[in-house]
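Report on one structure; see the data block that follows.
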Amino acid sequence: LAAEARLVQQRAENEALIREVLPAPIVEQLIDGATSAIEIYDAAVILQADIAGFTPLAESMAPEGLVALLDELVSAFDDVCTRHRVEKLRTVGDAYIAAAGIPDRAPDAADRALTAAREMLGAVRAIRERRQIRLELRIGVACGAVVAGIVGKRRYSLELCGEVLDRAEHLQQSGHPGHVVVDDATRLRAHLHRFVAGEDPACSLLAD
Numbered sequence: 684l685a686a687e688a689r690l691v692q693q694r695a696e697n698e699a700l701i702r703e704v705l706p707a708p709i710v711e712q713l714i715d716g717a718t719s720a721i722e723i724y725d726a727a728v729i730l731q732a733d734i735a736g737f738t739p740l741a742e743s744m745a746p747e748g749l750v751a752l753l754d755e756l757v758s759a760f761d762d763v764c765t766r767h768r769v770e771k772l773r774t775v776g777d778a779y780i781a782a783a784g785i786p787d788r789a790p791d792a793a794d795r796a797l798t799a800a801r802e803m804l805g806a807v808r809a810i811r812e813r814r815q816i817r818l819e820l821r822i823g824v825a826c827g828a829v830v831a832g833i834v835g836k837r838r839y840s841l842e843l844c845g846e847v848l849d850r851a852e853h854l855q856q857s858g859h860p861g862h863v864v865v866d867d868a869t870r871l872r873a874h875l876h877r878f879v880a881g882e883d884p885a886c887s888l889l890a891d
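Letter 103 of the sequence shown, counting from 1, is numbered 786 in this note's numbering, and no numbers are missing.
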């Protein structure tokens, strides 16, 4: 009986861990026996944020201080995304990549992603003022089709494939610090935000 109880507890802990890294509907498919949980999303909204001038900033800080700063930033972004039901996909160095509309396909995905983007800018401003350092965020938001699926057998991760990820990265890289650059597809799906014309006719800037 004790061994069975430990097994049940271990399964519960494993399931709880998986739920921390994967969206709930994907977890349910895995529990039901699915091995890949591949889905196609026609209108995923991808958000990519990146610290402007990160390399010189990193070179000016001790490694421990840099890791602490990244932890503070990512934790703040995690809180924002959780609050607005935006799924964190991964971090790559100082880049933070997330998606709305996956897996819920909700019609308000663009508005939730843009609201999260605006709050992420606010979080960076607060950290900059508290730490008294030069710290600016660039964000690109794009909407388009992706294929999503579980990759690997250890340390499960939800991977997305689609041109829209490259587009979000390009918008982020082409933007100015402190701005959110939005493609037309996202702008047309957003109802709660105002925009101003960007330098590229195919994109807009999120306005205050």
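Ideal Cβ placement from N, Cα and C applies to all residues, glycine included.
Under the three-pair Cβ rule at 8 angstroms, the segment 741 to 754 does not count as touching the segment 782 to 794. Linking residue 813 to residue 777 through their CA atoms gives a straight-line distance of about 19 angstroms. For residue 778, the secondary structure class from DSSP, reduced to helix, strand or coil, is strand.
When DSSP states are grouped into helix, strand and coil, residue 804 belongs to the helix group. Taking 3 residues as the minimum length, the beta strand (DSSP E) runs contained wholly in the segment 807 to 847 are 819 to 834 and 840 to 844, in order along the chain. One alpha carbon belongs to residue 690, the other to residue 711, and they sit about 20 angstroms apart. In this structure, the straight-line span from the alpha carbon of residue 811 to that of residue 863 is close to 18 angstroms.
Pairing residue 833 with residue 890, the inter-Cα distance amounts to about 36 angstroms.
When Cβ pairs closer than 8 angstroms are counted between the two stretches, the segment 753 to 762 is seen not to touch the segment 845 to 859, the count staying below three. In terms of Cβ geometry, residue 733 and residue 870 do not form a close pair [threshold 8 angstroms].
Distances from the alpha-carbon of residue 804 to those of 788, 757, 848 and 787 put 757 closest.
Judged by DSSP in its simplified three-state form, residue 773 adopts strand.
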